[in-house]
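Counting in the numbering used here, the final residue of the sequence shown is number 212, and the numbers go up one at a time with none missing.
Just so you know, even glycine gets a beta-carbon here, dropped at the ideal spot from N, CA and C.
Source: prediction; values computed, not measured.
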Amino acid sequence: MGVDSDMQDSLSQYLLFSLDELYAIEIKYVVEVLEYTKISKIPRTPSYMAGIINNRGKIVPIIDIRKQFGMSDRFVDEDDKKRNKGVNISNIIILTLVYEGDEFNLGILVDYVNEVLELDPFSIDDAPKIGSGFNSKFISGIGKSNNKFIIILDVENLFDVRELSKFRNTTIYDPEYQQQ
């Protein structure tokens, strides 16, 4: 028996990724997922700002979500080192955000991307209220799949878009990049 079309319409798609636990971002924000690439550091930026990359001729700011969340660096075992050539992070998720009517891209470092998952909005609980010292504005809810909790991030409240938008519409000359 197939999924009812009304139910299918109500399902939302999320990109699942890991940072010790499972997290998700609504797929509508995701442009692409990249393998880890060299990130150029920028002096005098917040500690969570990993730097910038050249992605198809555009400068894309990269955020280290672990540092933004106050998490420790990822534990790297020997298999990780071989797979990632000694680098702690394996994927960069490129997102599209809007600020003052302009779209711009932003990348986030994650341990690894798991899958795209469809969730029924009724299966997502509200973000927990955990005392006054915990800021949960960047969590839109908690989902559950295969008996695992998934922290669903609110992309629009996750970043200081005003600060990051300074990189919007910035292109760099790269003779190796050719538009198709």
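Classification of residue i by the beta-carbon crowding that lies within 10 angstroms, buried from 16 upward
i: D96; result: buried
i: I57; result: buried
i: V92; result: buried
i: I59; result: exposed
i: I74; result: exposed
Identity of the residue in the options nearest residue i by Cα
i: E67; options: I124, P75, E188, N178; result: I124
i: L43; options: S168, E150, I156; result: E150
i: L48; options: E135, S104, D143; result: D143
i: A159; options: G102, I174, V62; result: I174
i: N86; options: N146, N178, K70; result: K70
Rounded separation between residue i and residue j - CA only
i: D186; j: P153; result: 14 Å
i: I94; j: P78; result: 11 Å
i: K99; j: D52; result: 13 Å
i: F136; j: K90; result: 10 Å
i: K215; j: Y46; result: Nothing about residue 215 can be reported from this structure: the residues present for the chain run from 33 to 212 only.
i: S172; j: D105; result: 24 Å
i: K176; j: N189; result: 22 Å
i: G102; j: R88; result: 31 Å
i: L129; j: S168; result: 20 Å
i: E64; j: F170; result: 21 Å
i: F191; j: N178; result: 29 Å
i: I84; j: V148; result: 26 Å
i: S14; j: R76; result: Given a span of 33 to 212 for the chain in the structure shown, any question on residue 14 remains unanswerable.
C-beta contact flag for residue i and residue j at 7 Å
i: L127; j: L141; result: no
i: Y55; j: I156; result: no
Residue i beta carbon near the ligand MN (any heavy atom closer than 6 Å)
i: P75; result: With respect to the ligand MN, the structure offers nothing, as it holds no ligand at all.
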